[in-house]
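Beneath this line is the structure, given in structure tokens, with notes to follow.
Numbering (the working numbering), first residue to last: 520 to 730.
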């Protein structure tokens, strides 16, 4: 990440990005076809432990934050803390509203429609958050740390961490489905599109990694 003083645009972009990401994840949850692997794991752990997703998200992120502090300290920033502390509660807030308005999505065409909506929403939020370049979420730093220390391609490291979380979720009886695969392999092109078409222009900033 660049070390220059963050602008108000970047801070607002980071916060708005996290809110939009949370909305996208809530929409994925509404589809009942699976979430991104770490959210799916957090959802299952919250169910097993009988605690809210927000609390479980904080607990998981605290564990990952220790790892990030040891092996990926350069990726820690304001965005790391905002994401780690707030995302789970915002997801729950949006999901309760969506589920209350629309009820359960029981038919496959409707479930797929929710996935179709969730993809651009989540990708747009990710684009704003990543372009703001104010810190990496604790879980996301795992793949970056593996890349740095093992000198392996980022894509392979990310697939490994996502696949590991998905397997653990499945073994715990959690939901792993089409939405999980879409999050792992389908968001990238949309994020790239929003980077150039919107985020970099509005935030007037381009992260060093993508420059």
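Using N, Cα and C, we set each Cβ at its ideal position, and we do this for glycine too.
Cβ distance (whole Å) where residue i is taken to contact residue j below 8 Å
i, j, result
"residue 541", "residue 606", "5 Å"
"residue 539", "residue 661", "Going by Cβ atoms, the distance from residue 539 to residue 661 rounds to 23 Å, so no, they are not a contact pair."
"residue 718", "residue 650", "4 Å"
"residue 652", "residue 529", "7 Å"
"residue 514", "residue 543", "Any property of residue 514 remains undetermined from this structure, which presents the chain solely from 520 to 730."
"residue 560", "residue 687", "6 Å"
"residue 691", "residue 552", "Not really, about 18 Å apart at Cβ, beyond 8 Å."
"residue 707", "residue 562", "Contact flag wrong, Cβ pair sits at about 23 Å."
"residue 681", "residue 703", "5 Å"
"residue 624", "residue 633", "6 Å"
"residue 636", "residue 546", "6 Å"
DSSP three-state assignment for residue i, whether helix, strand or coil
i, result
"residue 526", "coil"
"residue 541", "helix"
"residue 748", "The chain is shown from 520 up to 730; residue 748 falls before or after that span and cannot be answered."
"residue 656", "coil"
"residue 686", "helix"
"residue 714", "helix"
"residue 625", "coil"
"residue 549", "helix"
"residue 614", "helix"
"residue 724", "coil"
"residue 696", "coil"
"residue 555", "coil"
"residue 609", "helix"
"residue 567", "helix"
"residue 572", "helix"
"residue 691", "coil"
"residue 591", "coil"
Residue i, buried or exposed, once every other Cβ within 10 Å from all chains shown has been counted against 16
i, result
"residue 621", "exposed"
"residue 713", "buried"
"residue 602", "buried"
"residue 533", "buried"
"residue 729", "The predicted model places residue 729 with a pLDDT of 39, which falls under 50 and marks its position as unreliable; any figure quoted below should be read in that light. Exposed, because fewer than 16 other Cβ atoms sit within 10 Å of the Cβ of residue 729."
"residue 673", "exposed"
"residue 536", "buried"
"residue 722", "buried"
"residue 715", "exposed"
"residue 589", "exposed"
"residue 615", "exposed"
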